[in-house]
C-alpha cells in the first residue's frame with residue numbers, strides 16, 4: 001500500500017491537535033498544549049496535519065490561475081481571464097490570505113512548544129526545522145502574491161496588540177527571515193526526515209532553490225536590489241540536489257500520471273492518493289466536458305523540433321496549416337500536453353469501440369503514441385472519463401461533430417494530467433509531485449545565468465537533461481541558431497532557459513504567471529492576443545472565431561486584450577483585513 005500519511009493527516013490533526021483555541025483551554029480536559037506537545041511522537045502526529053497545506057490534485061486553483069498566463073486559456077467560451085481583461089477587483093475576503101495565516105498559526109503553535117517538551121536536542125532541532133519549512137512555504141506564496149506582509153513568528157494573543165494591528169512588515173525583512181529560516185532548517189533537519197516521503201534536507205533545499213530564484217529575479221527586474229544573496233542561495237541548494245539526484249525518471253508523462261511515485265527518480269516529495277480513500281480530480285477534469293483549459297499557439301510554438309531548432313528555423317518543420325504537419329518531428333513533451341491530431345470511426349452508437357479511419361493519414365500519431373505510452377496513459381484516440389471515444393483531434397467546442405466531451409476552443413486541448421488509470425468520475429488515484437528535480441534543474445540554470453556563470457557544462461547538467469527526455473537535440477551554446485521570435489530584451493541563452501520552463505511546467509501551477517511577473521513581463525506579454533490553431537473556417541462550418549474575422553487563419557476566441565495595468569503585479573489586500581486592521585495599507589493602484 002502507498003504511504004498514506006498525507007491523507008490521514010487531517011484526521012490525526014483533528015484528533016490530536018484539535019482546534020488551537022481548544023488546546024489553549026486549561027484543565028477541564030487533559031488534552032492541553034502542555035500535554036499535547038511532549039514527545040517526538042506528539043510532534044510527528046501534529047505535523048502530519050501541516051502536509052495537508054501542500055497542493056494536490058483536488059484543488060483546481062493552481063491550474064486555473066495559469067489561465068492568466070500567455071500559455072493557457074479558458075476554453076469554456078467565457079471572456080478571457082480577469083488578470084488579462086482588467087476585471088480584477090479588491091476582494092472582500094481571500095482564502096489565499098486567510099488560509100496562509102491560519103497555517104502559519106498552526107506552525108507557530110508547534111514551534112512555541114518545542115523548548116518545553118521532553119525531546120532531546122536533536123529532535124527539538126528537527127521539529128523546529130520542519131516548522132520553519134512549513135512556515136516558509138506559506139510566506140513564499142504570500143510574498144509572491146502580496147509583496148510585503150505581516151511577519152508572524154509566534155502564536156498571537158489578544159495581548160499582542162502591536163502585532164495584531166501593526167503595519168505590514170517590509171518585504172526585505174520578510175524575505176530575509178524566510179531565507180534565514182530555510183538555511184537553518186537545511187542545517188538542522190534530519191537528512192532522512194521522518195521517514196520516506198517526508199520533509200527532509202532535500203525538500204528544504206528544493207524550497208530554497210525555488211524561493212531564492214523567485215526573490216532574486218524579482219529584486220533584479222523590479223530594481224529592488226539585494227538580489228545576489230537569493231540567487232546564490234538558489235544556485236547553492238540546487239547544485240547540492242543535482243549532485244545527489246543526477247537522474248530523471250525516463251518518462252515525463254509518468255511523473256504526473258503514476259499510481260505511485262515512491263522511488264521515482266527525481267521526485268523529492270509527492271502527495272499520495274489511494275483509490276477510495278483519498279481521490280484526486282485532475283485526470284477526470286482533463287477528460288471531461290468540464291475541463292476548460294487549452295494551450296495557446298504561443299505555447300505550442302515553444303516546443304522545439306527534434307533537431308533542437310524552433311519551428312521557424314528547423315528544416316524538420318513541415319508547416320502549421322495541416323495539424324499533422326504541425327506536430328511532426330516535435331519535442332515529445334508536446335504530445336503529452338495536448339493530443340496530437342487523429343481521426344477514427346466509432347462503432348455506430350457504441351462510443352466505447354473504434355476502428356481506424358479509411359485514410360491512413362489519420363493514424364500517424366495513433367501509431368506513434370503506441371510506442372511512447374500505454375493503455376493506462378496517453379494512447380490515442382483519447383476518451384472521456386466514462387471511456388467514450390473522441391472521434392477526432394482537434395475537436396472544437398464550436399464544431400464538435402456530434403459529441404460534446406473533450407472539446408477545445410483554441411484547437412489545442414490541455415491534457416497533461418489525463419490518464420486511464422481510473423475511469424470513474426472524480427476518483428483518480430495517481431500521485432502528485434510536490435517538489436521534483438525538473439524544477440530544480442531549471443532553477444539552477446536560470447540562477448547561474450543571472451549570476452553570470454551559465455556555460456555549456458551547466459547547460460548539459462540542466463536544460464539538456466530535460467531536452468533528452470523529450471528526444472530533442474541538446475542546447476549547444478557555441479552554435480545557437482537564434483529564435484526569430486525571441487524577446488529582444490532577453491539574452492538568447494536566457495531565452496532558451498525560459499522556454500524550457502514554459503514547456504516543462506505547463507499547467508502545473510508552479511507559476512507561469514509568477515514567472516512573467518518576476519521577469520517584469522506581465523504588462524508586455526499580457527497585451528498579446530491569445531491565438532489558437534490555424535484553420536480554414538469552411539472546414540468547420542464557418543463556426544470558429546478567426547483572427548480579424550478572416551476566412552482562414554488563427555483561431556482567436558476573444559481578440560486582443562485591453563492590456564494589463566502595471567499595479568497588477570501584486571494582488572490586492574482583501575478589504576476585510578484592512579477593516580480589521582487599518583494599518584494594513586493597500587497595495588498601490590488598487591481601490
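Numbering (UniProt numbering), first residue to last: 1 to 591. Note that CB positions come from ideal geometry on N, CA and C, so glycine has one too. Remember, predicted model here, so these are calculated numbers, not experimental data.
Practice item. From the DSSP output, read off the bridge partner residues of residue 541. Key: In the DSSP assignment, no residue is bridged to residue 541.
Exercise for review: Have a look at the DSSP bridge pairing and note the partners of residue 553.
Suggested key: 535
Review point. So what does DSSP say about residue 37, is it helix, strand or coil?
Key: Residue 37 carries a coil assignment under DSSP once its states are collapsed to helix, strand and coil.
Review point. Buried or exposed: which applies to residue 179, given that a residue is buried once 16 or more other Cβ atoms fall within 10 Å of its Cβ?
Key: buried
Practice item. With DSSP as the reference, label residue 24 as helix, strand or coil. Key: In this prediction, residue 24 has a pLDDT of 39, which is less than 50 and means its spatial position is unreliable; nothing more can be read from the coordinates.
**Study point:** Alpha carbon of residue 540 to alpha carbon of residue 401, nearest angstrom
**Key:** 9 Å
Exercise for review: Determine the direct distance from the alpha carbon of residue 96 to that of residue 103, and round the result to whole angstroms.
Suggested key: When rounded, the distance between both Cα atoms is 11 Å.
**Study point:** Host alpha helix (DSSP H) of residue 336 (start-end)
**Key:** 332 to 337
Point to revise | Buried/exposed call for residue 21, threshold 16 Cβ in 10 Å | key: Below a pLDDT of 50, predicted positions are generally treated as unreliable, and residue 21, at 39, falls in that range; the measurement from the model is reported next regardless. So residue 21 counts as exposed.
Point to revise | Cβ-based burial, residue 109 [other Cβ within 10 Å; buried from 16] | key: With 16 or more other Cβ atoms within 10 Å, it is buried.
Point to revise | Delimiting residues of the alpha helix (DSSP H) encompassing residue 53 | key: Counted as a single uninterrupted DSSP element, the stretch harbouring residue 53 is not any alpha helix (DSSP H), since DSSP gives it neither H nor E.
Point to revise | Member of 429, 294 and 226 whose CA lies at the smallest distance from the CA of residue 397 | key: Among 429, 294 and 226, the Cα nearest to that of residue 397 is on 294.
Practice item. Take residue 269 and list the residues in its own chain whose beta-carbon comes closer than 6 Å to its own, dropping the five residues that flank it on each side. Key: So the list reads 203, 434 and 435, once near-sequence residues are dropped.
Practice item. Determine the direct distance from the alpha carbon of residue 208 to that of residue 184, and round the result to whole angstroms. Key: Just so you know, the alpha carbons of residue 184 and residue 208 end up roughly 11 Å apart.
**Study point:** residue 378 - containing beta strand (DSSP E), residue span
**Key:** No beta strand (DSSP E) holds residue 378; DSSP gives it neither H nor E.
Review point. With a Cβ-Cβ cutoff of 8 Å, do residue 516 and residue 69 count as a contact?
Key: yes
Check your understanding: Of the residues 479, 135, 192 and 165, which one's Cα is nearest the Cα of residue 154?
Key -> 135
**Study point:** Residue burial classification, residue 352 (beta-carbon count within 10 angstroms, cutoff 16)
**Key:** exposed
Exercise for review: With distances taken Cα to Cα, identify the nearest neighbour of residue 500 among 526, 459 and 520.
Suggested key: 459
Exercise for review: Give the range of the beta strand (DSSP E) segment to which residue 346 is assigned.
Suggested key: Here the beta strand (DSSP E) through residue 346 covers 342 to 347.
**Study point:** CB contact flag (residue 241, residue 206, <8 Å)
**Key:** yes
Exercise for review: Could you tell me the distance, in whole angstroms, from the CA atom of residue 289 to the CA atom of residue 403?
Suggested key: 10 Å
Exercise for review: With a threshold of 16 other CB atoms inside 10 Å of the CB of residue 255, please say whether the residue is buried or exposed.
Suggested key: buried
Check your understanding: Of all the options 495, 474 and 590, which has the alpha carbon lying nearest to the alpha carbon of residue 305?
Key -> 474
Check your understanding: Count the other CB atoms within 10 Å of the CB of residue 382; is the residue buried (16 or more) or exposed (fewer)?
Key -> buried
Review point. Which partner residues does residue 274 have in the DSSP bridge list?
Key: Paired residue(s): 278.
Exercise for review: My understanding is that residue 448 touches residue 235, with C-beta atoms under 8 Å, so please give their C-beta distance in whole angstroms.
Suggested key: 6 Å
Practice item. Can you have a look at residue 455 and say buried or exposed, based on whether 16 or more other CB atoms are within 10 angstroms of its CB? Key: exposed
Practice item. Report buried or exposed for residue 149, applying the criterion of at least 16 other Cβ atoms within 10 angstroms of its Cβ. Key: buried
Point to revise | Spatial neighbours of residue 355 in its chain, beta-carbon cut-off 6 Å, leaving aside the 5 residues before and after | key: 345
Practice item. Check residue 268 in the structure and name its three-state DSSP category. Key: Three-state DSSP puts residue 268 in a strand.
Point to revise | Bridge partner(s) assigned by DSSP for residue 369 | key: Answer is none; residue 369 lacks a bridge partner.
Check your understanding: Is it right to say residue 292 is buried, meaning 16 or more other beta carbons lie within 10 angstroms of its own, or is it exposed?
Key -> When all chains shown are included, residue 292 counts as buried.
Check your understanding: Can you tell me whether DSSP reads residue 294 as helix, strand or coil?
Key -> strand
Practice item. Give the secondary structure of residue 29 by DSSP, where H, G and I count as helix, E and B as strand, and everything else as coil. Key: Caution is warranted here: a pLDDT of 40 is assigned to residue 29, below 50, making its placement in the model unreliable, and the coordinate value is therefore given only provisionally. Note: residue 29 maps to coil in three-state DSSP.
**Study point:** C-beta atoms of residue 518 and residue 221 nearer than 8 Å
**Key:** yes
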